[in-house]
Every structure is written in structure tokens, then in C-alpha cells.
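Asks:
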Amino acid sequence: MSLFHFYRRPALSPAKKNELLSLAKQSVSSSIEDIETEYCFNIETKSPLTDEEANILRWLLSETFEPENFAEDSFLLHPPSLVLNPLIIEVGPRMNFTTAWSTNAVSVCHACGLTKITRIERSKRYKLLFTPSSSSILHPSSFTDLVHDRMTECLY
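Take the sequence shown: its letter number 21 is residue 33 in the working numbering, and every next letter is one higher.
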């Protein structure tokens, strides 16, 4: 069994991002200056994928008209932030059960010949950028409460 990741940005539309930013400034911290987002695809396979299989999976998971927004490395880590102490929070489904999204994604993969894939779960990653003068330390749960369902999701 092997596990690997792909990343796609953004996870939120500009309107949803601005709505979340406004809510986070009001209820979490007024020093939050911006929020960047991405999806992380957590992929479990029976054995390593061949180059051809990996290319098919990339094609399935990426946006057709925005290939530059899909990568094997996180967009939130590169380039390094100029903001002091950015906070990256990842929220996704609980690992003790398989989501309906995963079941459908695996079915699509199998229909495309990617039978080595056993599970794909999608998590959302948030990078909180703070104002330069900010010195307050934010506990992740104060933001996490805004963006996840405690019954079905958890902080990674």
C-alpha cells in the first residue's frame, strides 16, 4: 500500500473566500489579512502507479482549462510567505470511514483502468495570512470551527 498527494487550487471561489475572510476577521481575529486555499487529494494505492497511470490520474483530478493550478507539491508552501508566521490548517474527512465522494472517485478511476487505487479522499487546506503588526497567537480550533463539520471531518 502506498499513499501520495496531489494539490489543486483554489478550493474556494473568490466569493466564498471573501465571505470566509470576512467571517474569520469578525469571529476569529481581526489580524487575519488574507486566506489562500487548496484541495489536497490523498490517494491510497495497492502498489505504486506507473507513469502512464499517474498521468491518467492527473488528468482526472486537474481542471481541464487550468492545468497550472494542479501540482504534486502544495501551492501554500511555495513560494515561501513573506508574512510572519502564516498558519496552514487542513481539514478533511475522518479516516475511519470512506466518504461518498471517495467511492465515486475510485469508481471513476477503476472505469479508466486505474484499478490499483483503493481510496481517494479530498481535504481542504487553508493558509491564514496575518497583518505584519500582528503578534497574537491563534489557536487552530478557533478557525477550524468555521470551516468543518465536527461529525464527519477532523483537523489533520
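A virtual CB, placed ideally from N, CA and C, is assigned to each residue, including glycine.
Taking the straight line between their C-alpha atoms, what separation do you get for Ala66 and Ser42?
Replies: Residue numbering aside, residue 66 sits at position 54 when the sequence shown is read from its first letter. Residue numbering aside, residue 42 sits at position 30 when the sequence shown is read from its first letter. Spanning the two alpha carbons is a distance of roughly 42 Å.
Asks: Give the DSSP-derived three-state secondary structure of Thr62 in the structure shown.
Replies: For the purposes of this step, residue 62 is identified with residue 50 of the sequence shown, where counting begins at 1. Thr62: coil per DSSP, three-state reduction.
Asks: Give the list of continuous beta strand (DSSP E) stretches no shorter than 3 residues that lie fully inside the segment 102-165.
Replies: 129-142
Asks: Is it buried or exposed for Glu50, if we count other Cβ within 10 angstroms and need 16 for buried?
Replies: Numbered from 1 along the sequence shown, position 38 holds the residue referred to as residue 50. Flag for Glu50 reads buried.
Asks: Pick from Phe82, Glu48, Ser135, Gly125: whose alpha carbon is nearest that of Thr111?
Replies: Here residue 111 refers to the residue found at position 99 when the sequence shown is read from its first residue. Nearest C-alpha to Thr111: Ser135.
Asks: Which runs of the alpha helix (DSSP H), 4 residues or longer, sit entirely within the segment 40-90?
Replies: Counting only runs of at least 4 residues, the segment 40-90 fully encloses the following alpha helix (DSSP H) elements, listed from N- to C-terminal order: 63-73.
Asks: Looking at C-beta atoms only, is the number of pairs between the segment 121-139 and the segment 98-107 that lie closer than 8 Å three or more?
Replies: yes
Asks: How is Leu99 classed by DSSP in three states: helix, strand or coil?
Replies: One-based indexing of the sequence shown puts residue 99 at position 87. It is a strand residue.
Asks: If you measure between the beta carbons of Thr115 and Thr57, is that distance less than 8 Å?
Replies: Indexing the sequence shown from 1 puts residue 115 at position 103. Indexing the sequence shown from 1 puts residue 57 at position 45. No, Cβ-Cβ distance for Thr115 and Thr57 is not below 8 Å.
Asks: Note down, in chain order, each residue of its chain lying with its Cβ closer than 7 Å to the Cβ of Phe87, except the 5 sequence neighbours on either side.
Replies: One-based indexing of the sequence shown puts residue 87 at position 75. The residues are Tyr19, Arg21, Glu50.
Asks: Tell me which same chain residues have a C-beta within less than 8 Å of the C-beta of Glu75, skipping the five on either side of it?
Replies: Taking the sequence shown and counting its residues from 1, the one referred to as residue 75 is at position 63. Contacts found: Arg20, Asn81, Phe82.
Asks: Does the Cβ of Gly104 have 16 or more other Cβ atoms within 10 Å, making it buried, or fewer, making it exposed?
Replies: Locating residue 104 in the sequence shown gives position 92, where the first residue counts as 1. With 16 or more other Cβ atoms within 10 Å, it is buried.
Asks: DSSP state of Ser34, grouped into three classes?
Replies: Numbered from its first residue, the sequence shown carries residue 34 at position 22. The answer is helix: DSSP assigns Ser34 an H, G or I state.
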